[in-house]
Structure formats: C-alpha cells, structure tokens
Amino acid sequence: MQLNTIKDDTLTTQIIHTKQFKTSQIHIRFIGALNEKTITARSLMLAMIKAKNKAYPTRKALSKALESHYDMHYHTQALKLGKKHINQFTFGVVNPRFISDITYKDNILTMIKTCLHDVDFDEKTLKEEKQFLKDYFDAEYSNKSRYAYKRFKDHLFQGHPFNIHPLGLEEHIDLVTLDDIHQAYESMMRDDSVVISFTGDTEAFIDEHTLQQALSLKGQALPKEFFYKHTFTPMTPIKETMDITQDRLLMAYDTKTYYADKDYFIALVFNSLFGDHSDSLLFKTVREQHSLAYYIQATYSPFSGLITIMSGMEEKNIQKAIQMIDAVLQTIKENTFDEHVFAISKTAIKQAVKQSYDNPTSLSLKALRKALFNTPFEEDYVLNNIEQVSREDVVGFAKNLTQILIYHLGRVTDE
Amino acid sequence: MNKDYYEHFDETLETFFLEERLKVSVVNKPYFSKTYVTISTPLGSITKGYLDENKQEKSVPLGIAHFLEHKIFEQDGLDVSSLFSAQEASINAFTENNRTTYLFSATNHVFENTLRLIDMFFHPKFTAPGVEKEKNIITEELNMYLDDPYYSQYHALLNQMYESHAVKEDILGTKESIQAISVNDLKAMHETYYQPEVSHVIIIGDINARELETYLNAHVHLPKKTNKLPLTASFKEPNKVIEDHLVIEKDIKIPSVLYGIKLLPFDTKDSKLFVKTHLSFTILMDMLFGKASEWYEQFMDDGLINDTYGLDVTVEDTYAYALLGSETTNPKALYQALKGAFLQIEASMIKEEDFLRFKKQMIGSFIQSLDSLESLSHQMNKYAQLDLVFYDVLELAQTITLDNVKSHLDALKNIDQHAVNMIVPKSS
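Structure (structure tokens):
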C-alpha cells in the first residue's frame, strides 16, 4: 500500500494504491467554512446534486444509470470538521478487470464528471429536498436515543460552532431559494478547497493525472485553521422528561486536548480504558458487575476536545450509575486500576488502527488528515505513539478532566 | 482438505472437517490486516424447544436463543471476551430468526483465537448467578429497542400478518419470558443445538488454511453427541393476514407506513430452486417498487415518500414476506397508493430492458460484497445452510429468466395477504 499526494494551490489529489480490494473508491471533498448563514443552502445543494443532473434528469433515471454501471455506489454526505464544513462525494465501483465491457472504465469517469459538473437545480427538486430535510429533523424526535443525544448537544454546545448541524438549521429551510442553491454551488466550486482521493488498484484502473483531467476541478489552497478551542463552563445537571421506555444518561468531560496535540494519544488511551470497549472499566463496572445497563460507552471527539458517556437504564439506577462513573474515574486518578485492563485498552486501539487499513473510506480519511494536519499515513506512527503512553500519563490526564454536564432524559411520571 | 479457485472472482475457498464433524471454510484474502471468523448454529429465535432423551417435546421460554447468545461467553462466572481482547481480537455475536452467530475480528493470534472461539461455543459453563445477572441486562436491551418506533412498527406488522408463527415474536423475547429462563433451559438448548455436525466455522483473512487445519486438529476438543433432538417446527398459517390495517399513535413527529405482503413459504428440498425463487422474487419487487421503478417515481412526485423509502424481501423455508415502507407526511394516501399499485400490477410492467439492467447490478453487487469480510462471511453462512457455496450463486442467478420473474406476479395480487401498519403522532 502506498500513498501518493499531488498538491498545488488549487487542488490536492491523493492516490492510495492497493491491490487489496476488488472495488475502487473515489472521494471528492469540498472543504468550506462552517457558516450558520449559508450551511442550510449548502447542504440542500448537495442533496439536489445527488438527486439528479442534466444527463439523468430524474431520480429514476439516475438510479437506472447507477444500476447499469454494475451497481455503482454514489453517496453524498455533509460533514463537520472543527470550524470547517465538508461536502463529500463518494463513488464506489467494481474494478474494470472483472467487467467484460471495454467501455466501462470511460463510462465510469464520465458519470462521475457528470454528477459533479452537469448540475440541474429546479424548484421541484428543491421543494422535495426541503421536505426531506424537515422530515429528517422530525425523525430525530422519533428515535429516543437520537433525541436524547440531540438535546444533550443542544445544552452542551450553546454558542459553540458544534451546535450547527452539518445538514443546516431547521428554521432556515423554508427561507432557502433556488438562487441560494445556485450561489451555494458556485461558491463551493470557486471558494472551497478540494481534495480528491482514489483508493484502489491504480494499475487496473486509473492514475492521478487521468483522474485529475477527468474530474477537472480547481479550488483554493487547503485551509490551515480547523480548531475551535473553547473552554467549556461546568453546567448544573439537567433532567428532561418525555414518553420513553428507558431513561438515558449522558455526561460530558472537557479534556482540552485536540487532534494532533501532544496529549492526543494519551486521550485515546484514557478513553479506551475509561469506556470505549467491552473490557473497559465502565463497561465492566456498570454492565458486567452491576447489570445496570445493556450499553455504556465513552467517546472522545478530538475536534471538540470532549469525552462523552452514553448509557440507558431504569430511572432508579441513574444516580447509582453516576456514582459508579465517578468512582471509576477516581480509580484512574488514583492509579489503582488493573494493569491487565490498561494493557487490553492499548491493544484494543492497536487492533482498531490496524483494521482501519482494511477499509477504503478509513484509508481515504487518513490520507485527508495527512494533507490537512501533516500527520503520517502509516500505521506505525499511531501504534508506536500508543505504545509509549504510560499509566502516569493517563493518571495525569484524568486529573485534568473537567466534568461539564450530566444530562438525564427520563420518563414522564404521575408525580 | 478441499480447495477451489474461483477464477472469475480471483478467490480461493478451502474447506476441511475437524474430527470429521465440524466444517471449517477458509477464504484467503491477501493484504488484509484483519481476519474475520464466525461460528454459527441453526438455532434461532423461532425455535420453541427440543425433544428430550425420551423423545418428549420440551418447550422453553421465548428469547432463549438470544439469551444463550449472551451467556455463551460465560465460563464459571467469568467473561471470556477479555481473553480475546488481550490477543488483539474483538468478539461479538448476533441472533436471527433461524441462526445464532458468534464472531471475532483479529489482527493477531488468529489460530489461538479461533480455537478459543470453538471452545467457548461448545463448552460454556453457565452458573445460576450469572444467568440471573444477565436478565436485567437483556431487559435493558429490549427497553432500548422499544424506544425505537420503527422497531416496534416492524414487530406490530408481523403480528398483524402471522397468527401463530414464531417469526412474529421479538428475537429478545418478552420481559416476562426473559425472567422465566433458567440455567437448565439454557443447558438443554445448548446441548441440543450446539452440535458440530450442524455448526460451521468460516475464516476470512490472509491465512494459511493448511497450517490452521493442523493446529486446530491438534488442539480442538468437540463435545460428545447428544441424545436430545432438535424440534422440527411445523407452522400452520392461514393464507391471509390477521389484521390488514392498524394505526398506532406514538410520541413521534413524522408518521411512518410499513406495508407487508405475507407470502406462502416456498416448500422445496431443492436448494438451487429455492435460491432462484428468492432471487427472482427480489428482482420482481425491485423492478416494480425499487428506486428505478415507475411506482417509486410516482410516489415521489406525489410527495408520498421521502429518502427513507425502502423495500425488503425475506424468504425462508417456513415463512416469507415482502415489506415496503417510508416515513411520510401523508400516511393514508401512501397506504392507498401502495394498495392501488398492487391491484394494478400486470405482466407488461416487467420489461426486458429493466431485467437486463438488474443482471448487471447483480454482478456488481456480488463483487462488491467480496471486499467486505463481514458481508462475505454472512453470505457464505446463509448459503451454506442451504448446502450451497456463495461463489456459485452469481452463476445461478444469471440463469434466472424474465419468465421466472413474471411467474411471481400472482403472489402479489391477493389483497387478503396484505397488511399495513401506520404509526402517527399522538393526538393531543
């Protein structure tokens, strides 16, 4: 496996050459500002591109074309990365060596170019996509785990860019016009930074120059500033109620540690030990020893600097669980945790890192991080850094955590 | 050891038996860091009991297959999953209607972890305190799912469609049945159904199969044969649904419609014919209601569906059904539109041009599945239960004709076999 990056002030192209897969993936990422005023039009524009284009003027026609191209996968996704918003296109195709049709390879490249350049925005599709987006936000209320997480974030990220949903603002949907969509597209093509990545067998498919020529994209130089570093202020615990079967508990801790910081790998090991796998301290304590919950998970976000705990249980067990979580954190601070669990927690990260090199999307993201943050692409970089994290590092890290919020979504009671 | 090279896909499948009882299949995947290993038994949630040593039928509480899935990890009160974790493997399991599968993915110590998986699968050591402790964990798992309205809707629709077939029951059981499960129930079900002859190990990764065979043969310890027998289930179901229309109020904002067609189970011992029937029926549903269909476009133009729209076809030996569903702001209109569409279906809607496109799609979809070790393993397992090799399925699929597809049209038209479930926001 080899990563080759070609970069100038207008375009970054990354080729991850590997013979591992029978398919190839092409990612095209447009990186722009995370702006509350423009994000709704930007996300609706992306959805409209995905719906149809000039060559395939209906959803049905586009679906037929993808099926005819041997089940070509075409996805779009609006994402956040720190202070930036990414409109991501993903194309997945079967390698030409498995297809007897000699026009297949050229047809694939034409199809991708068409999707990006031959856009066809109209009022009917805008109306449909607006409704879909409203439906999406309404559906967040339906699934109570999703809703609990949404409410938790609403409280946690007040006034923080992380409160902006990557799909936009519900209250802005009706205000977006077709002109806004055209402007959002023109702005994306003109003002965004563009990163193209190809993951697959270049000998069997395509080289970087053919890919660049075929897609004919140009944008701005890569941004240098991604992080919104924010000191969170501890909040009073919040309890809300609704008609649910299981109470949800969510907690947030500020680590003040961000991606590629000097303590970044310590944060990964701490989170793993604390609650990121089935041998972690929280899972063993809350689920295995006390049977309070089916799941309890700690997640570290290197772009907000927060560690979040999520679990679901009966109301009578919520306070017990909070005390257990506090007690587990205390064992880490006091350096009394089991050495075996510490070793397993590092092993779990190493395993996840190695496995991530088997996934084309993960490979593409590693290449993107190299382009944006200059972090090495190779797995040894992460594995060696994880290995060097000591118990004392983790203890020191735990002592600097600040609990920000305890959020409890409970059942409506008669009281 | 048997070795087959599938040139068209550039894949090698090797198979061997341990102690001439347990089948092991190995797919070599060069360059992959991960090895994905599964072992499965044909015990699923629809199995209601077993025959004891005296051939007496013994019933067990609902949800026992899933409960067993949780407790297999126990060895005298200790959880063996940490032994996998310590050797760069993460273990998991899942229960389906007709199968339970245990799996791990590992980036090291594959031979040792495979042996440990086989040993855990055949030789768990349940304890009464361990079983009691698990009851609350599984109840909380059920509670979590019950807060997902689409999960509840799916089960509500199956209950509208089926009178007594166990497929209508939740795989986890009920809060009451979970409490009723005992150590003896678990031991008896495990002894009956976790037998090497009906189990299958699948290993996919950059592995030397011959060395693995030697290692496992040197260390494996399989259980003795049992005198208990699996319960051969007989399900007598009417050729119609029980309740064709049900509206449930929930604490939601956007309604959802789930439309089901209860199909007659396809009773044949010919596995290839069974698979062809399943695939040709799936093609029919895709041609009529997939995202490239006229109906899809119509529903979209009429504002009846959104991007959550989907369809699913399930064909098993004792039950079969097709489902279509979407979130919608107009559930009654979507229901009428779906019902109307089924009444209007005719053979002229099944076009040669669309059929040829689906054949291309199948080729692409098949090759794409080879890049996901999880998906490949799942497909191999599914077809192995029918005594078929997954790599032969594409060739079999290519023999499907347009007439095969059209032959299922009548199965869709009997409106007595249709049911709809609508969840709508609570009226204030």
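So the protein lines, in turn, are chains A and B. Numbered as in the numbering used here, the first sequence ends at 415 without a single skipped number. Numbered as in the numbering used here, the second sequence ends at 843 without a single skipped number. Where is the CB? At the ideal position from N, CA and C, for every residue including glycine.
Residues bridged to residue i (per DSSP)
| i | result |
| --- | --- |
| Leu81 of chain A | A:Lys84 |
| Glu484 of chain B | In the DSSP output, where bridge partners are listed per residue, Glu484 of chain B has none listed. |
| Leu217 of chain A | Leu217 of chain A is not bridged to any residue. |
| Arg248 of chain A | A:Gly312 and A:Leu409 |
| Phe509 of chain B | B:Thr516 |
| His75 of chain A | A:Thr90 |
| Gly200 of chain A | A:His17 |
| Asp254 of chain A | A:Leu306 and A:Thr402 |
| Asn836 of chain B | B:Leu661 and B:Leu673 |
| Val820 of chain B | Bridge partners of Val820 of chain B: none, in fact. |
Residues of its chain near residue i, where Cβ-Cβ distance is below 6 Å and the 5 sequence neighbours each way are ignored
| i | result |
| --- | --- |
| Asp154 of chain A | none |
| Phe431 of chain B | Met416, Val439 and Glu628 |
| Thr308 of chain A | Ala252 and Thr299 |
| Tyr141 of chain A | Tyr147 |
| Leu518 of chain B | Thr453 and Asn507 |
| Asp682 of chain B | none |
| Leu3 of chain A | Ile16, Ala367 and Phe377 |
Minimum C-alpha distance to residue i - residue among the options
| i | options | result |
| --- | --- | --- |
| Tyr451 of chain B | B:Ser592, B:Asn551 and B:Ser505 | B:Ser505 |
| Met45 of chain A | A:Thr13, A:His408, A:Phe89 and A:Thr10 | A:Phe89 |
| Ser427 of chain A | A:Lys124, A:His340 and A:Ser24 | An answer regarding residue 427 of chain A cannot be provided, because it is not within the stretch 1 to 415 covered by chain A. |
| Leu483 of chain B | B:Glu511, B:Asn528, B:Asn574 and B:Lys706 | B:Glu511 |
| Lys651 of chain B | B:Gln502, B:Arg514, B:Ala581 and B:Leu738 | B:Ala581 |
| Ile386 of chain A | A:Ser362, A:Ile196 and A:Val353 | A:Val353 |
| Phe773 of chain B | A:Thr58, A:Ala55 and A:Glu67 | A:Glu67 |
| Pro166 of chain A | A:Leu372, A:Lys37 and A:Lys399 | A:Lys37 |
| Thr336 of chain A | A:Lys320, A:Gln289, A:Met310 and A:Leu281 | A:Leu281 |
| Arg514 of chain B | B:Leu803, B:Lys797 and B:Gly459 | B:Gly459 |
| Glu761 of chain B | B:Tyr674, B:Val728, B:Leu738 and B:Leu699 | B:Leu699 |
| Pro161 of chain A | A:Gln183, A:Arg287, A:Tyr228 and A:Asp122 | A:Tyr228 |
Neighbouring residues, chain A, relative to residue i (Cβ below 8 Å)
| i | result |
| --- | --- |
| Tyr724 of chain B | The contacting residues do not exist; Tyr724 of chain B stays about 10 Å from chain A at best. |
Neighbourhood of residue i by C-beta distance below 7 Å, restricted to the same chain and skipping five residues each side
| i | result |
| --- | --- |
| Ile846 of chain B | In the structure as shown, chain B begins at 416 and stops at 843. Residue 846 of chain B is therefore absent and cannot be evaluated. |
| Pro746 of chain B | Pro670, Val672, Met837 and Val839 |
| Asp101 of chain A | none |
| His75 of chain A | Thr90 |
| Leu383 of chain A | Lys350 and Val353 |
| Val394 of chain A | Ile266, Val269, Phe270, Leu273 and Ile332 |
Own chain, CB closer than 8 Å to residue i, minus 5 neighbours either side, in chain order
| i | result |
| --- | --- |
| Leu801 of chain B | Ser686, Phe689 and Val690 |
| Ser900 of chain B | Residue 900 of chain B lies beyond the residue range present for chain B, which begins at 416 and ends at 843; the question has no answer from this structure. |
| Val598 of chain B | Phe541, Thr542, Ala543 and Val546 |
| Phe397 of chain A | Thr255, Thr257, Asp263, Ile266, Ala267 and Phe270 |
Cross-chain neighbours of residue i in chain B, by beta carbon under 8 Å
| i | result |
| --- | --- |
| Thr23 of chain A | Ile782, Gln783 and Asp786 |
| Val94 of chain A | Ile778, Gly779, Ile782 and Gln783 |
| Asn143 of chain A | Asp562, Asp563, Pro564 and Tyr565 |
Under 7 Å by beta carbon: chain A residues contacting residue i
| i | result |
| --- | --- |
| Glu860 of chain B | Examination of residue 860 of chain B is not possible in this model, given that chain B is present from 416 through 843 alone. |
| Leu561 of chain B | Thr245 |
| Ser520 of chain B | Gln355 |
| Asp666 of chain B | Met242 and Asp243 |
| Asn721 of chain B | Gln131, Phe132 and Asp135 |
Contact set between residue i and chain B, taken where Cβ atoms lie within less than 9 Å
| i | result |
| --- | --- |
| Ser278 of chain A | Asp494, Ser496, Ser497, Ser500, Ser505, Ile506 and Asn507 |
| Leu411 of chain A | Note on identity: in this sequence residue 411 of chain A is Arg, with Leu being the wrong assignment. Those do not exist, as Arg411 of chain A stays about 10 Å from chain B at its closest Cβ, beyond 9 Å. |
| Tyr149 of chain A | Per Cβ cutoff of 9 Å: no residues; Tyr149 of chain A is ~12 Å from chain B at best. |
Contacts of residue i in chain B (Cβ-Cβ under 7 Å)
| i | result |
| --- | --- |
| Ile344 of chain A | Ser497, Ser500 and Ala501 |
| Ala139 of chain A | Ile669 and Glu742 |
| Thr58 of chain A | Glu712 |
| Ser63 of chain A | Lys706 and Ala707 |
Chain A residues whose Cβ lies nearer than 9 Å to that of residue i
| i | result |
| --- | --- |
| Tyr446 of chain B | Met1, Thr18, Lys19, Gln20, Phe21 and Asp358 |
| Met535 of chain B | The premise fails here: Met535 of chain B is roughly 14 Å from chain A at the closest Cβ pair, so nothing lies under 9 Å. |
Three CB pairs or more closer than 8 Å across the stretch 200 to 214 of chain A and the stretch 81 to 100 of chain A: yes
Stretch pair the stretch 633 to 644 of chain B + the stretch 483 to 498 of chain B: three plus CB contacts closer than 8 Å: no
Segment contact, 8 Å Cβ cut-off, at least three pairs: the stretch 593 to 612 of chain B with the stretch 530 to 546 of chain B: Because the criterion of three Cβ pairs below 8 Å is met, the stretch 593 to 612 of chain B and the stretch 530 to 546 of chain B touch.
contact_flag[the stretch 442 to 458 of chain B, the stretch 355 to 367 of chain A] where n(CB pairs < 8 Å) is 3 or more: yes
Segment contact, 8 Å Cβ cut-off, at least three pairs: the stretch 537 to 555 of chain B with the stretch 615 to 631 of chain B: no
Inter-stretch contact (C-beta, 8 Å, three-pair minimum) for the stretch 652 to 672 of chain B and the stretch 553 to 563 of chain B: no
The stretch 421 to 428 of chain B contacting the stretch 264 to 272 of chain A, beta-carbon criterion three pairs below 8 Å: Result no; under three Cβ-Cβ pairs closer than 8 Å.
Three-pair Cβ contact test at 8 Å for the stretch 129 to 145 of chain A versus the stretch 719 to 733 of chain B: yes
Stretch-stretch touch, CB-based, cutoff 8 Å, three pairs: the stretch 206 to 219 of chain A with the stretch 4 to 11 of chain A: yes
At least three beta-carbon pairs within less than 8 Å, the stretch 388 to 407 of chain A to the stretch 237 to 256 of chain A: Between the stretch 388 to 407 of chain A and the stretch 237 to 256 of chain A there are three or more inter-stretch CB-CB distances shorter than 8 Å, so the stretches are counted as touching.
Inter-stretch contact (C-beta, 8 Å, three-pair minimum) for the stretch 638 to 647 of chain B and the stretch 566 to 586 of chain B: no
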